[in-house]
Amino acid sequence: MAKVKTTYYCQNCGAQHAKWQGQCTACKEWNTLVEEVVEKNTKPSWEQAAGGDVTLSRKRTQKPQRISQIDATESPRLDTTNAEFNRVLGGGLVSGSVTLLGGEPGIGKSTLLLQLCLRLPYKTLYVSGEESAHQIKMRAERIEKNVDNCYILTETKTQNIFRQIADFEPQVLIIDSVQTLQTDHIESTAGSVSQIRECTGELIKFAKETGTPVLLIGHITKDGHIAGPKILEHMVDTVLQFEGDRNHTYRILRALKNRFGSTHEIGIYEMQGHGLREVSNPSELLISQRGNNLSGTAIAATMEGMRPLMIEVQALVSTAVYGTPQRSATGYNLKRLNMILAVLEKRAGFKLGQKDVFLNITGGITVDDPAIDLAVVVAILSSNFDIEISSQHCYSAEVGLGGEIRPVSRTDQRVNEAAKLGFDKIFIAPSKSKTNNTTIQAHGVSRIEELVKQLF
Ligand code: TYD
Ligand code: MG
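The following block contains the structure:
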């Protein structure tokens, strides 16, 4: 194999250098040089690897074709048999697509994809650079009794992987993880920016030319970004994030980017002793203490994507011991909490300036639906007065800076979900309070003061 020529480019100004150096001589920036391949053999790496002459049956050659003649039904989505995963992808795996799954260490990325792989009704190759075949087998046995459809390869060199693929012709390829991959074309160590980019490029080429869906696992850095260049996220078709609190058992799968579907959908899983369980009715699980009336607790009817989700909000208000009161929010935006406290102080006359306020969304999830505001207000006031509020009530509205209660989208769906879970009354903005649902009372309130009068 001919040696591939590489050179170093400055990521800041684009200047070219023959060898690595700490500072770019053109723009004087430090640590910006990255190795890149400048001259490659004309055959894609995945073909070269397999001896230069591949007759992979699904290999496509491209010719220009009229858009009206393209058969859009040609590549139907592959059903992953995992309803939550399908939903997040927008209806299944698109053939030839490359999906990147990111998440913190230990959150369950390998478990999720191995589980998927075990249950996929297709010939699937799971390539692992992180664990030995023995470790994977042990994990697989925890998840599934009968494992037959899935093939394991422990390899990190992309050329070797492609050689195996050419023989094996998998229908789905899973790589755990992209940071362990290494290509012969670049000398830098596995996990470096140029290795990650080059290896991903080779895999994308393979996916597009053969129509094989590829799933990649990617590690994320401390600040929550996928380790490696940001460009990686631009290169792939779909970026999924697996998140959740490691101390809680719930995990949320979210699409950050999706070329084939919406990014509003989420999938919810519960980590159990034998793998991840799909949570198809999350509301019941997220509400912990249904039936006990507790002060400082209110239930919000929120939406995650197209799915209504009932969420429990807990607040604790106590007298501040130090001069500066503490504010803390878990699962809710702290700035928004401060804003709500200011609204309560200014518009409804509550002296919360000398109080510590702690807010928690149960279940370890993070909510950014503004409809949760009203439940936050009720939880804070309930804790402040130490007056319990009925656990048969729920809340769904945004709170404005003027203390007005504002309508939110998809109110009907929220009301129906609340009715389905047996709530008696839902507090919403007045303009949306007409509903066809007769099993629940939809109660419109227009201002915070009015709500306070009714509840406390
Ligand atoms: P893992 O999938 O190895 O995480 P990642 O690949 O994202 O680093 O995460 C595994 C964690 O999940 C580990 O702490 C053990 C736990 N686990 C279960 O609770 N149940 C199971 O069935 C399996 C396989 C793992
Ligand atoms: Mg892993």
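If you count the sequence shown from 1, position 3 lands on 5 in our numbering, and the numbers rise without skipping.
All C-beta atoms in this analysis are idealised placements derived from N, C-alpha and C, irrespective of residue type, glycine included.
Nothing here was measured: the structure is a model prediction, and the numbers come from that model.
Can you tell me whether residue 378 is buried or exposed, with buried defined as 16 or more other CB within 10 angstroms of its CB?
Residue 378 comes out buried.
Answer yes or no: the CB of residue 108 versus the heavy atoms of ligand 1, is any distance below 7 Å?
Under cutoff, so the answer is yes.
Using only the heavy atoms of ligand 1, determine whether one of them is closer than 7 Å to the beta carbon of residue 274.
Residue 274: yes, Cβ under 7 Å from ligand 1.
What beta strand (DSSP E) runs, 3 residues minimum, are completely inside the stretch 317 to 379?
Complete beta strand (DSSP E) runs here, min 3: 329 to 332, 357 to 363.
Let's see if you can read the secondary structure: which residues bound the alpha helix (DSSP H) around residue 425?
No alpha helix (DSSP H) holds residue 425; DSSP gives it neither H nor E.
Closer than 7 Å: is that where the CB of residue 112 sits relative to any heavy atom of ligand 2?
Result yes, Cβ under 7 Å from ligand 2.
Out of 315, 426, 175, which one is the CA nearest neighbour of residue 383?
Out of 315, 426, 175, 315 has the C-alpha closest to the C-alpha of residue 383.
Which term fits residue 298, buried or exposed, when burial requires 16 or more other beta carbons within 10 angstroms of its beta carbon?
It is buried - the Cβ of residue 298 has at least 16 other Cβ atoms within 10 Å.
Are there any heavy atoms of ligand 1 lying less than 7 Å away from the beta-carbon of residue 145, as far as the coordinates show?
Flag set: Cβ of residue 145 near ligand 1.
Nearest-angstrom Cα distance between residue 176 and residue 283?
Their Cα atoms are separated by approximately 29 Å.
First and last residue of the alpha helix (DSSP H) that includes residue 89?
From DSSP, the alpha helix (DSSP H) with residue 89 extends over 85 to 91.
For residue 180, which of helix, strand or coil comes out of DSSP?
Of the three classes helix, strand and coil, the one that applies to residue 180 here is helix, per DSSP.
Going by DSSP, which residues form a beta bridge with residue 276?
According to DSSP, residue 276 bridges with nothing at all.
Out of 14, 424, 305, point me to the one whose CA is closest to residue 414's CA.
Here the closest residue by C-alpha is 305.
Identify, in the order they occur along the chain, each residue of the same chain with its Cβ nearer than 7 Å to the Cβ of residue 439, setting aside the five sequence neighbours on each side.
Excluding residues within five positions, the ones whose Cβ falls inside 7 Å are 417, 418, 421.
Just to check, is the beta-carbon of residue 351 closer than 7 Å to a non-hydrogen atom of ligand 1?
No.
Within 10 angstroms of its Cβ, does residue 243 collect 16 or more other Cβ (buried), or is it exposed?
Flag for residue 243 reads buried.
Count the other CB atoms within 10 Å of the CB of residue 170; is the residue buried (16 or more) or exposed (fewer)?
Burial call: exposed.
Along the alpha helix (DSSP H) that carries residue 208, what are the first and last residues, could you check?
Where residue 208 is concerned, the enclosing alpha helix (DSSP H) stretches over 195 to 212.
When you measure from the CB of residue 279 to every non-hydrogen atom of ligand 1, does any distance come out below 7 Å?
Not under cutoff, so the answer is no.
Pull up the distance between the alpha-carbon of residue 7 and that of residue 158, whole angstroms please.
When rounded, the distance between both Cα atoms is 22 Å.
Tell me the DSSP secondary structure of residue 1 in three-state form.
Because the chain here runs from 3 to 458, residue 1 falls outside it and cannot be looked at.
Rounding to the nearest angstrom, what Cα-Cα distance links residue 55 and residue 26 in this structure?
Confidence at residue 55 is low in this model, with a pLDDT of 49, below 50, so its placement is unreliable and the value that follows should be read with caution. Roughly 41 Å separates the two Cα atoms.
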